[in-house]
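In this note's numbering, the protein residues as written are 143 to 723. The beta-carbon is built from N, C-alpha and C at its ideal position, and this holds for glycine as well. Report on one structure; see the data block that follows.
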Amino acid sequence: MAMDQQLLVAARTGNLKLIKELVDAEANILDATTPQGNTALHMAARFGHKDLVYEIMNWRPSLVLSTNLKGETPVHVAAKAGQFDIVQFFKGTVENLASIRDNNGNTPLHCAVRNNHKYVLWLLVDGDQESLGLVNNAGESPLFIAIDLRLTAVADSIIFANPSTLEHTGDSDQTPLHRAVIRRDLAIIDKMLDVKRELIIKQDVRGRNPLHYAVALGDYEMVKKLLEWDISAAYQADNNQQIPLHLAAKNGQANLLKLLLNPCPDTIEVVDNEQRNILHLSAKNGYINVVSYVLDLPEAEDLVNASDVAGNTPLHLAAMNFHSNVAYFLSRNSKVDIRVINLNHETALDVVYSTDDCGMELQKHLTLKTLKSSYTTRAGDLLQDGGFIDMEVERSNKIGQRSREMSTTLLLMATLIATFTFTAAFTIPGGFRNNDPDEGMAALISRSAFKAFVISDSVAFTSSMTAAVLVFWSSSCQVSESLFMDTLPFSIGLTWIALVAMALAFVTGLFVVLSKTLWLAILVCVIGCSSPAILYLFAPLFLLVFDRLSSSPTSLARRRNILEDNPFLFIFRLSKMIYRN
Numbered sequence: 143m144a145m146d147q148q149l150l151v152a153a154r155t156g157n158l159k160l161i162k163e164l165v166d167a168e169a170n171i172l173d174a175t176t177p178q179g180n181t182a183l184h185m186a187a188r189f190g191h192k193d194l195v196y197e198i199m200n201w202r203p204s205l206v207l208s209t210n211l212k213g214e215t216p217v218h219v220a221a222k223a224g225q226f227d228i229v230q231f232f233k234g235t236v237e238n239l240a241s242i243r244d245n246n247g248n249t250p251l252h253c254a255v256r257n258n259h260k261y262v263l264w265l266l267v268d269g270d271q272e273s274l275g276l277v278n279n280a281g282e283s284p285l286f287i288a289i290d291l292r293l294t295a296v297a298d299s300i301i302f303a304n305p306s307t308l309e310h311t312g313d314s315d316q317t318p319l320h321r322a323v324i325r326r327d328l329a330i331i332d333k334m335l336d337v338k339r340e341l342i343i344k345q346d347v348r349g350r351n352p353l354h355y356a357v358a359l360g361d362y363e364m365v366k367k368l369l370e371w372d373i374s375a376a377y378q379a380d381n382n383q384q385i386p387l388h389l390a391a392k393n394g395q396a397n398l399l400k401l402l403l404n405p406c407p408d409t410i411e412v413v414d415n416e417q418r419n420i421l422h423l424s425a426k427n428g429y430i431n432v433v434s435y436v437l438d439l440p441e442a443e444d445l446v447n448a449s450d451v452a453g454n455t456p457l458h459l460a461a462m463n464f465h466s467n468v469a470y471f472l473s474r475n476s477k478v479d480i481r482v483i484n485l486n487h488e489t490a491l492d493v494v495y496s497t498d499d500c501g502m503e504l505q506k507h508l509t510l511k512t513l514k515s516s517y518t519t520r521a522g523d524l525l526q527d528g529g530f531i532d533m534e535v536e537r538s539n540k541i542g543q544r545s546r547e548m549s550t551t552l553l554l555m556a557t558l559i560a561t562f563t564f565t566a567a568f569t570i571p572g573g574f575r576n577n578d579p580d581e582g583m584a585a586l587i588s589r590s591a592f593k594a595f596v597i598s599d600s601v602a603f604t605s606s607m608t609a610a611v612l613v614f615w616s617s618s619c620q621v622s623e624s625l626f627m628d629t630l631p632f633s634i635g636l637t638w639i640a641l642v643a644m645a646l647a648f649v650t651g652l653f654v655v656l657s658k659t660l661w662l663a664i665l666v667c668v669i670g671c672s673s674p675a676i677l678y679l680f681a682p683l684f685l686l687v688f689d690r691l692s693s694s695p696t697s698l699a700r701r702r703n704i705l706e707d708n709p710f711l712f713i714f715r716l717s718k719m720i721y722r723n
């Protein structure tokens, strides 16, 4: 029966007089429900109308266990809303109050915890601590929910009330400690381990213990805390036979490598299920900081030439993923044997030739240049032996369509930037003076912001013109394809410099003419500086997050390409390549 509007309004507002009149007029009116199945008792409990709840319970006690379409009783609704007095009244009326479940398996305890109503929680568990171990259909206990929501005080009180809740594992066999580490709740970790220390070595369905997740998150303080409790977790391998040290290497966490190796130096010898050590993993993922750190370790000699299941050394993996900076460090290191061949009878240089660039022609070119330089330096005439490499060199010299398109785009961008900055130089902010003896001089020349505008505009114009000349020269003149690929990185770097300088010129130019309205000038500076910075620095990361939804080879190649095309990372690598080669 649909609820009468008068009854609904009276239940929501707590109008006891009106409800009495309605009940006297029609005895069954309390059986009416809203479209979601809520009775008048549900509504009164939600809004905390204590007197109305008492009266409805006197008229119709069975309503306390009536459920809406979600399977929620008035007890669930009151616990969710944090109505302490209402829950207290229901507790004196209903047995096993904390064990009632809705359609999702949630008890009133789950509802109270999810909405951070700790006083209601304490009331419900008083005399019934075992109910804290109940889980819903998603496999979540009240403690799991508290940890996921980072309700440290609530989680602490649950552990204190019933320590056995720490033994529960979710659907992925993750313990509450796993969840606490993932949520980075340092405050609750000590409490958990003080009660149940063995949680630190519990593994989930992926074979990972809490230390694995702390390392994967790159949380230095979390890793340090877990190692202080038990270093044996550093020796546990997951389903891929990777220990926490491997995760630190593959994620480029050199500081965590040092932290893990300090108490457990022998873990450096451990390999995963593909027989890869930490140098393999860091080289494959292009983390030069980890590679350089490992190469300085005494154990490096045992790692640099180690082969995985496919016979690839760290140099092979760096080469096939076109990490030119890593390939440089490895190939120039005297401990590395650059002649090692894998199971396909390929050296690192052969691997670069045989690997499809997936649109990464420039990165492949830089890697080839690095390796060829190293081979020439260390292997003498090795490059001239046999015809295979000569043929591949000839084939690699062909400029791909992507490089041609990039050069066209760069030329257009550089020309546009030069045009804009040239125009800005002769329509300067504030105009020119018309009176002698300073006729023709800039009116605002004495202001610092104007000087910053002139400098940044000049940098933008010069950089863009230089980039345009380089691209035009290398595209139009009969230069070798290799030389074309060598000049392209310079043009990219100069174009990015021009873009940044043009943004600064825009900001400083507006600031100098708006300086008397200081708040507006500052706002313009914030908008003008923050937006480009966010785009330049974080756009590649945003794209990576979306691309993680796909694991296809195309998507993986695109992700790698995005990282390589980050302008700041690219310019950094480019500068090193220039001086090394």
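Take Leu399, set aside five residues on each side of it, and the residues of its chain with a beta-carbon closer than 6 angstroms to its own are Ala390, in chain order. With distances taken between CA atoms, Val649 lies nearest to Val596 out of Val236, Val277, Val494, Val596. Within the same chain, Phe226, Val229, Gln230, Lys233 come within 8 angstroms of Leu265 by CB-CB distance, once the 5 residues on both sides are set aside. Of all alpha-carbon atoms in Leu308, Leu353, Glu363, the one lying nearest the alpha-carbon of Asp336 is that of Leu308.
Secondary-structure assignment with DSSP links Ala144 through a beta bridge to Thr175.
Counting C-beta pairs with one atom in each stretch, the segment 433-443 and the segment 481-491 have fewer than three that are closer than 8 angstroms, which means they do not touch.
If you draw a straight line from the Cα of Cys406 to the Cα of Ala329, it comes to about 26 angstroms. Under the Cβ criterion (8 angstroms, minimum of three pairs), the segment 494-503 does not count as touching the segment 439-450. Only residues of its own chain outside the window of five on either side were considered, and among them Gly156 have a CB closer than 7 angstroms to the CB of His191, listed in chain order.
In the DSSP annotation of this structure, the continuous segment of the alpha helix (DSSP H) that includes Leu491 starts and ends at 490-496. For Val277, there is no enclosing alpha helix (DSSP H), as DSSP marks it with neither H nor E. In the three-state DSSP reduction, Ala448 falls in the coil class, being neither helix nor strand. In this structure Glu282 is buried. Its beta-carbon is surrounded by 16 or more other beta-carbon atoms within 10 angstroms.
By the CB criterion at 9 angstroms, Asp599 and Thr563 fall inside the cutoff. The three-state reading of DSSP puts Gln230 in helix, counting H, G and I together. Collapsing the DSSP output to three states places Pro405 in coil.
Scanning Glu340, Arg326, Asn351 for the CA closest to the CA of Met364 turns up Arg326. Residue state for Met502 is assigned as coil, using DSSP reduced to three classes. By the beta-carbon neighbour count (other beta carbons within 10 angstroms, threshold 16), Ile342 is buried. In this structure, DSSP gives Ala379 a state outside helix and strand, which the three-state scheme calls coil. The DSSP-derived three-state label of Ser605 is helix. CA-to-CA, the gap between Ala460 and Pro318 works out to about 38 angstroms.
Counting only the Cα atoms, Ala152 lies some 20 angstroms from Val217. In the three-state reduction of the DSSP assignment, Thr565 falls in the helix class.
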